[in-house]
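Protein chains in written order, with full-length UniProt numbering: chain G, 1 to 231; chain H, 1 to 253; chain X, 1 to 268. Ideal placement from N, C-alpha and C gives every residue a C-beta, glycine not left out. Note sheet for the following structure.
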Amino acid sequence: MPPELDIIWRNIDYLLWGRLAQGELGGLLLSVVIALASGVLALCVGIALAILAWFSTGPVRRVLFLWADLIRGIPLIFVIFWVYFLVPALFGGNIPGTVSVILALAWFTSAAVMYSTLSGLQALSGGQREAALSTGLSEIQTLVWVLLPQALINLVPSYVSLFASLIKDTSLAFIVNVPELTMVASQVNNRTQLYPTTIFLFTAAMYFVLCGGLSLLVRRLMRRPVTASWD
Amino acid sequence: MGFSVDFAGVLSGAPLHWLLTGFLTTIVVTIAASLVASLLAVILLGLRISESRAARVGAAGLIELFRNTPFLVQMMFWYFAAFGLLPTGIRDWINAEHSWATFPGNIPLVSPEFIASTWGLGIFSAVFIAEEIRAGLLALPKGQSEAAQSQGFGHWASLRFILLPQALTNSFQSVVGQYLNLMKLSSLATAIGLAEITYQVRQIESYNSHAIEAFAVGTSLYLLLGLAMGRLMLAFAPKRRDGRNETGAGNAA
Amino acid sequence: MFRKIPHIIAAAFLFVSGAAQADQLGDIRKAGVLRVAVFDSNPPFGFVDEKTHALEGYDIDFAKAFAEKIGVKLELVPTNPANRIPVLQSGKADLIVADLTITPERGKVVAFSTPYFVTGQQFLVTTDAPGKLEDYAKARIGAVKGTTGEQAAKARFPEARVLSYDDIPLAFAALRNGSVQAITQDAEILAGLLAEAPDKSKYKILPELLSRELIGVAIKKDEKALLTEVNTILSDLENNGQAEKIFEQWFGAKSKAPGARNFKIGAP
């Protein structure tokens, strides 16, 4: 086996799941776990915020948007630094690096989820809401039982692509030494030194398989509704 | 307890100087990478919607490749792997001092880290910009292109005069968002030694450990830059004929 | 809303400083865990072993000894040079045992133990490159973010362009692909780096020292009990010969980065 491939082969277990045998999750598996955990969190928080924004007017709504724009105006690396170094300082306790990264990614992504969900709700025709209200449903019931279910189904593709971004964003955990894929790949590269090209390409390929697979899925989902196709 | 808020440790002397050059570097690399991104986006879009199937498939493949891998990994690849594959002569030339290419504030424009950041940011953003504009094209009613063709416009002429202007109007907010994103992503160039804002913030942190103050100042600088960029780009916003206003494009970040 | 932010931050600091009055050594004993910030990519101080994937090295052995003597479990917090002090300040670790040079600037924010290692900054260059430090006065020099080498190189050669990377192997990668002409770090780190390099014949370490450095364990300020405990353990390790044994393992004649032990812990 050429040394370039051998380097991957000899470290494949470490790259894929880190020190799992010793009870410490790492590598690709940790990247996926971080993405899933922060994805679920971001989805719940984002939808909740969208509902809040749907009903609120004036100052509350403005604060919500200000909050979302603020978080999206800062580079993600800064969000991770703030959560990693400052949340422990604020609350005194100690949260593990992995959890800080999950919180930072969830915080960052929930703003995007809020925006998509809100625009998904707004995209529904006004008639829907009026029809539901006229049957005697309250505003909250209308949203929960009539509007939200439709919007959420329409939004599945955009949620999936947000999730794909989330997978890519887990690579930033590298900055705070959380042993996800980019970090362990870098450790292997640091030790073996000679084959950065192979190791970076392998790392990129792992992300590509995950995110590319998801984007294929999105395309399949998108194909269902009838839209004017141009190419 | 030596842990108190003290902005003097960040906003005076060497740290202030570092922050200013970092701020300048972020602006310069953002402008340079935006130009590269715009150029590459035009080329990619041209290939993506050309009449040649090979060009379309090739461009789509490239786009998928860059879209589906993390920017950090791409950047490290360009700097630590690809740069080493260049011929020695070119590498030596890039490494030499170029006084003509040194931006005020001692920011070298011909250096491995600046070139790798500009190229890496440029190509990554180009892919997203091209796709946003294509999405704008796809959203146009099919009648538009049929009408144009029936008027005697060819493939490219109908694109240039009828379809692209509308597509750009449709996708303007998202495209602005991509340029803003490029500016924010430049923070990751710290990993390859580009002395931009994030790099300087961390340098201050290790110099006198004023981490919190330095992070706060860095965060505000990015917010400020994003706000200014958003405003500036909105000034170029195309007027919509359907009367919907364009405010809130800053939200597209 | 923004006007309130300084108050919130100030309140947070009050809280932190309030918490700092507590007895950290007592807290460690109560929790039964000592959390130590160490390197994961800097052989021979701290690195991930290829076979076991566990952290190993000179600093790791000291960390183990601290936990054992205090009588608690050890939890290693892997970090890099740039992040190590914030990791301590934010309470993610109780000690930094990560080749940290004692400097007056750092002394303002953390407390240092007696030195447990003595080293100096050197240059690693390609074999065919000039052999004197002064030859690099205008060169592109690779350093590691948050190290004394970064600042020492800048102070010594103001006209050089010092580029900092997150960790020494990345700086070496930059030297290898020609982005910088020299890299600087503590002598033992460079020796360890070179020892592991598959292409070591292409590089050399310049003998001249850029600076001389004392390495200490860092803890939060005003934690007298913990500091005393750390110093006591260090002098015990010196007296019972364990410190020398650890040195022998990582820097002795049979090690990959041999060096002479010309210091004793607790003796200037």
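- In this structure, ALA214(H) places its C-beta atom within 8 Å of the C-beta atom of VAL201(H).
- Excluding residues up to 5 positions away in sequence, MET1 lie with their Cβ nearer than 8 Å to the Cβ of TRP9(G) in the same chain.
- Minimum Cα-Cα distance from ALA104(G) among the listed residues PHE85(G), ARG129(G), LEU121(G) and GLY120(G) corresponds to PHE85(G).
- Burial is judged here by how many other beta carbons sit within 10 angstroms of a residue's own beta carbon; SER34(H) has at least 16 and is buried.
- Taking the beta carbon of PRO198(X) as reference, the chain G residues within 8 Å of it are THR192, GLN193 and LEU194, listed in sequence order.
- Three or more beta-carbon pairs separated by less than 8 Å are not found between the stretch 131-151 of chain X and the stretch 249-267 of chain X, which leaves the two stretches without contact.
- Identification of chain G residues near LYS92(X) by a Cβ-Cβ cut-off of 7 Å yields PRO88 and ASN94, ordered along the chain.
- By the Cβ test, the stretch 113-123 of chain X is in contact with the stretch 179-192 of chain X, since at least three Cβ pairs between them sit closer than 8 Å.
- Beta-bridge pairing by DSSP links ASN42(X) to GLY46(X).
- The shortest C-alpha to C-alpha distance from LEU29(G) to any of LEU221(G), LEU210(G), LEU133(G) and MET222(G) is the one to LEU210(G).
- Contact with chain X is found for SER206(H), since one of that chain's Cβ atoms lies less than 8 Å from the residue's Cβ.
- Using a C-beta cut-off of 8 Å, the stretch 226-234 of chain H makes contact with the stretch 163-180 of chain H, since at least three inter-stretch Cβ pairs fall below that distance.
- Taking a Cβ-Cβ threshold of 9 Å, the residues of chain H close to THR197(G) are PHE77, PHE80, ALA81, ALA82, GLY84 and LEU85, in chain order.
- Residues of chain X whose Cβ lies closer than 9 Å to the Cβ of SER209(H) are, in chain order, ILE85, PRO86, GLN89, GLU105, ARG106, LYS108, VAL109 and VAL110.
- Cβ proximity to chain X below 9 Å picks out VAL63 from the stretch 51-64 of chain G.
- Using a Cβ distance threshold of 8 Å, ASP167(X) and ASN11(G) do not count as a contacting pair.
- Within the stretch 103-115 of chain H, those residues whose Cβ lies closer than 9 Å to any Cβ of chain X are, in chain order, ASN106, PRO108, SER111, PRO112 and GLU113.
- Flagged as an interface residue toward chain G: GLY226(H), by a C-beta distance shorter than 8 Å.
- By the 16-neighbour rule on beta-carbons within 10 angstroms, VAL63(G) is exposed.
- Within the stretch 49-70 of chain X, those residues whose Cβ lies closer than 8 Å to any Cβ of chain G are, in chain order, GLU50, HIS53 and ALA54.
- Against chain X, the CB of TYR115(G) has no partner CB under 8 Å away; the residue lies outside that interface.
- Contacts between TYR14(G) and chain H, judged by CB atoms closer than 8 Å, are missing: the closest CB pair is about 17 Å apart.
- Listed along the chain, the chain X residues whose CB falls inside 8 Å of the CB of VAL99(G) amount to none; the nearest CB is some 11 Å away.
- Taking 8 Å as the CB threshold, PHE200(G) stays off the interface with chain X.
- The DSSP-derived three-state label of ALA216(H) is helix.
- A residue is called buried once 16 or more other Cβ atoms fall within 10 Å of its Cβ, and ILE31(H), having fewer, is exposed.
- In the three-state scheme derived from DSSP, where H, G and I count as helix and E and B as strand, ILE80(G) is classed as helix.
- Bridge pairing for LYS264(X): ALA267(X) [DSSP].
- Counted as a single uninterrupted DSSP element, the stretch harbouring GLN203(H) is not any beta strand (DSSP E) but the alpha helix (DSSP H) occupying residues 197-208.
- The DSSP-derived three-state label of ILE219(X) is strand.
- Of all residues in the stretch 26-50 of chain H, only ILE49 place a beta-carbon less than 8 Å from a beta-carbon of chain G.
- Excluding residues up to 5 positions away in sequence, LEU28 and LEU181 lie with their Cβ nearer than 7 Å to the Cβ of MET206(G) in the same chain.
- In this structure, GLU238(X) places its C-beta atom within 8 Å of the C-beta atom of ILE265(X).
- Within the stretch 171-197 of chain X, contact with chain H at the beta-carbon level (separation under 9 Å) is assigned to ALA171, ALA173, ALA174, ARG176, ASN177, GLY178, SER179, VAL180 and GLN181.
- With fewer than 16 other Cβ atoms inside 10 Å of its own Cβ, PHE161(H) counts as exposed.
- In the DSSP assignment, ALA130(H) falls within the unbroken alpha helix (DSSP H) covering 112-138.
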